[in-house]
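Note sheet for the following structure.
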Amino acid sequence: MVREVEEEEEEEGRCWSWLWFVVPRSSSVPYSLLAVILLYSSSSQFLPIEPYFVPYLTSVKHFTNFQVTVDIFPMSVYSQLIFTLLLAPACYYLSHKVVLTLGALMVLLTYVIAWAGQSLLMMQLMQIIYGLGLAARLVFSPYIFLLVSEEEYQIMTSLTTTFSLLSFMLASELGQLLALQGIPYEIFLVISLAGLGVSCVMTFLFPKDHYSSSLSSLTTFWTQYEGWHSILKGTWHCRTLQILSLWWAIAFAGISLVQNYGTNLFDAIDSKSNLNGHVLAASQVAGSLGSWFAVYIENFASKSGLLIYILGLSFMGIICLSMGVIPKLWAAYSFYVAISGIYQTLACLVSVRCSRLLSNGQFMLLFSINNTAGLLLETLLQAVSEIFGLSIFHQFIFFAGFFLLSTAVFVVLSFIDDGRRPVSSYLLLDSESGAISDSS
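Read left to right, the sequence shown gives residues 1 to 440 (UniProt numbering).
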């Protein structure tokens with residue numbers, strides 16, 4: 001019997017051997033499950049309609065640019081903000097797998113409504129549902145952490161992120177190719193729906209997530225009358241985790257603004273350029289390379305502590321400043337690709353680092369709160385930019401100021417965290433303890 005099982009495992013290994021020329025082997029995840037995970041990662045992002053969704057709404061559905069910008073798209077921002085905050089209780093009461101499945105179905109429903117809907121109300125409903133789908137995608141990383149050992153957090157995070165970004169890049173290039181051939185936008189939508197259909201099927205193949213006996217659910221906390229304060233305190237008990245979570249929110253807000261206004265900057269420099277699609281694809285390639293590079297610098301990042309994150313913020317600030325003061329299209333393209341690669345590298349590192357610092361295993365609560373904080377900060381910065389009526393160039397200078405000010409804040413935090421320790425201890429943490437001492 002044992003021999004038969006071994007032969008079956010060997011046969012399975014041969015079936016999937018082609019995959020391991022591309023990706024490394026995970027000892028915690030079976031071959032077939034890893035293939036399902038990677039297929040979900042890629043199919044959920046294979047959306048050739050995404051870069052052309054605004055032209056689709058204006059030319060096919062006949063909405064004005066003003067309606068799309070003011071009446072339709074903001075609905076997804078508010079929706080995502082609310083649903084992101086609710087992810088943690090949803091996962092604990094429904095399970096991560098159920099939330100992922102619902103999220104995949106909601107994104108699929110989004111594009112079905114975009115295809116069949118006609119009224120403004122239907123388009124607003126579409127965006128609310130889309131916000132739910134986007135929020136649910138955040139569950140994927142915490143779910144992966146429940147499936148693998150702690151030693152494989154980094155490689156699985158980098159692997160799934162790389163596949164997602166490469167898939168989005170291929171979809172963008174396909175979309176641009178179809179657009180140049182004059183293919184109707186409805187075909188873009190059909191291809192996107194096919195990819196989303198595959199991602200929905202993959203979520204049903206995911207194993208049910210399980211918790212070890214050491215993990216405490218929200219229900220347990222509430223029955224002990226400790227409430228949200230105790231939950232949050234238990235999750236963010238570590239000083240290092242608090243500081244890295246702050247970095248997470250700040251970097252998320254800043255890069256979201258850069259990505260939102262990047263094409264506006266390109267258009268302001270040269271409205272006749274037709275390379276924007278290729279540049280966005282190149283930024284996805286840079287991001288995927290950065291995600292994969294994170295695997296190889298993980299040990300260095302652990303030893304460097306806050307230093308690598310401080311340098312990352314400063315580099316992103318300098319890049320944004322350069323984008324705001326150098327009105328050259330080639331420069332803007334290069335800087336945009338560079339900042340995408342830097343952010344994805346550090347984002348993969350910080351999410352894994354924070355997850356390893358958790359003592360209570362509340363992965364979903366960590367991702368939910370940190371991303372909600374990032375969305376709130378992004379909304380605040382965007383409101384400030386709109387209130388002052390900044391031009392697109394001044395907006396990027398404003399983004400640069402935000403990154404550089406944040407850099408200064410983290411330098412100060414590294415000094416005041418524990419005045420008794422030498423300066424080098426703040427920035428170069430011990431690789432084993434991996435934490436700034438908890439001043440509390």
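No residue lacks a Cβ here, since even glycine has one placed at the ideal position from N, Cα and C.
Taking contact to mean 3 or more Cβ pairs, one atom from each stretch, closer than 8 Å, check whether the stretch 171-186 and the stretch 272-286 are in contact.
yes
Which value, in whole angstroms, describes the spacing of the CA atoms of F221 and L366?
On the sequence shown, position 221 is the one that residue 221 refers to. On the sequence shown, position 366 is the one that residue 366 refers to. Reliability of the predicted coordinates at F221 is poor, the pLDDT of 44 falling under 50, and the value obtained from them is presented with this limitation in mind. Taking the straight line joining both Cα atoms gives about 16 Å.
Out of S95, I339, E298, I326, point me to the one whose CA is closest to K208's CA.
To locate residue 208, count along the sequence shown from 1; it is residue 208. For the residues S95, I339, E298, I326, the minimum Cα distance to K208 belongs to S95.
In the stretch 278-332, which residue ranges form an unbroken alpha helix (DSSP H) of at least 4 residues, counting only runs that do not cross its ends?
298-304, 307-325
Can you tell me whether Q224 is helix, strand or coil according to DSSP?
For the purposes of this step, residue 224 is taken as the residue at position 224 of the sequence shown. With a pLDDT of 45 at Q224, under the threshold of 50, the modelled position of that residue is not reliable, and no figure is offered here.
Classify D71 as helix, strand or coil using the three-state DSSP reduction.
Taking the sequence shown and counting its residues from 1, the one referred to as residue 71 is at position 71. D71: helix per DSSP, three-state reduction.
Please tell me whether L138 and T84 are closer than 8 Å, where the distance is taken between their beta carbons.
Counting from 1 along the sequence shown, the entry for residue 138 is found at position 138. Counting from 1 along the sequence shown, the entry for residue 84 is found at position 84. Yes, the pair counts as a contact, with Cβ atoms nearer than the cut-off.
Please state the DSSP three-state secondary structure of Q124.
Stepping through the sequence shown from its first residue, residue 124 is reached at position 124. Three-state DSSP puts Q124 in a helix.
N-terminal and C-terminal residue of the alpha helix (DSSP H) that K97 is part of:
Sequence index remark: in the sequence shown, residue 97 carries index 97 (1-based). Element bounds for K97: 96-116.
By a C-beta neighbour count over all protein chains shown, 10 Å radius and 16 as the cutoff for buried, is P184 buried or exposed?
Counting from one through the sequence shown, the residue named residue 184 turns up at place 184. The residue in question, P184, is exposed, as its Cβ has fewer than 16 Cβ neighbours within 10 Å.
With 16 other Cβ atoms within 10 Å as the buried cut-off, status of M123
The sequence position of residue 123 within the sequence shown is 123, counting from 1. Burial call: buried.
Among the candidates T235, G374, G287, whose CA atom is the shortest distance from the CA of residue 455?
Limits of the chain in this structure are 1 at one end and 440 at the other, which puts residue 455 out of reach.
For V68, which residues of its own chain have a beta-carbon under 7 Å away from its beta-carbon, when the five flanking residues on both sides are left out?
Locating residue 68 in the sequence shown gives position 68, counting from the first residue. Counting only Cβ-Cβ distances below 7 Å, and skipping sequence neighbours, we find V54, L57, T58.
Taking 6 Å as the limit between beta carbons, can you name the residues of its chain near G290, skipping five residues before and five after?
Here residue 290 refers to the residue found at position 290 when the sequence shown is read from its first residue. Hits under 6 Å: G341, Q344, T345.
Alpha carbon to alpha carbon, how far is L47 from I387?
Locating residue 47 in the sequence shown gives position 47, where the first residue counts as 1. Locating residue 387 in the sequence shown gives position 387, where the first residue counts as 1. So the alpha carbons of these two residues sit roughly 34 Å apart.
Any 3 or more C-beta pairs closer than 8 Å across the stretch 122-136 and the stretch 244-252
no
Three-state secondary structure assigned by DSSP to D267
In the sequence shown, residue 267 corresponds to position 267, counting from 1. It is helical.
Tell me the DSSP secondary structure of N274 in three-state form.
As a working mapping, residue 274 is identified with position 274 in the sequence shown. Here N274 sits in coil by DSSP.
7 Å Cβ shell around V411 - same chain, five flanking residues per side excluded:
The count along the sequence shown starts at 1 and reaches residue 411 at position 411. Around V411: I310.
Short Cβ contact (8 Å threshold) for S283 with E378
Indexing the sequence shown from 1 puts residue 283 at position 283. Indexing the sequence shown from 1 puts residue 378 at position 378. No, they are not a contact pair.
Using a Cβ-Cβ cut-off of 6 Å (strictly less than) and excluding sequence neighbours within five positions of V60, which residues of its own chain qualify?
As a first step, residue 60 is located in the sequence shown; it is residue number 60 there, counting from the start. Correct list, in chain order: Y185.
What does the Cβ neighbour count give for E152, buried or exposed, with the cut at 16 atoms within 10 Å?
Within the sequence shown, numbered from 1, the residue matching residue 152 stands at position 152. That one is buried.
Where does C238 sit, in a helix, a strand or coil, going by DSSP?
Taking the sequence shown and counting its residues from 1, the one referred to as residue 238 is at position 238. Note: C238 maps to coil in three-state DSSP.
Sequence-distant residues of its chain with Cβ nearer than 8 Å to V190 (five each side left out)
Position 190 of the sequence shown, counted from the start, is the residue given in the question as residue 190. No residues qualify anywhere along the chain.
Pick helix, strand or coil for Q154, following the three-state DSSP scheme.
Along the sequence shown, one-based indexing puts residue 154 at 154. It is helical.
Which same chain residues, not among the five before or five after V352, have their C-beta less than 6 Å away from its C-beta?
Position 352 of the sequence shown, counting from 1, holds the residue named residue 352. Y153, Q154, T157.
Going by C-alpha distance, which of L165, S44, L159 is nearest T110?
Along the sequence shown, one-based indexing puts residue 110 at 110. Answer by Cα proximity: S44.
Unbroken alpha helix (DSSP H) run spanning S391, endpoints:
Here residue 391 refers to the residue found at position 391 when the sequence shown is read from its first residue. That residue, S391, is in no alpha helix (DSSP H); it is neither H nor E in DSSP.
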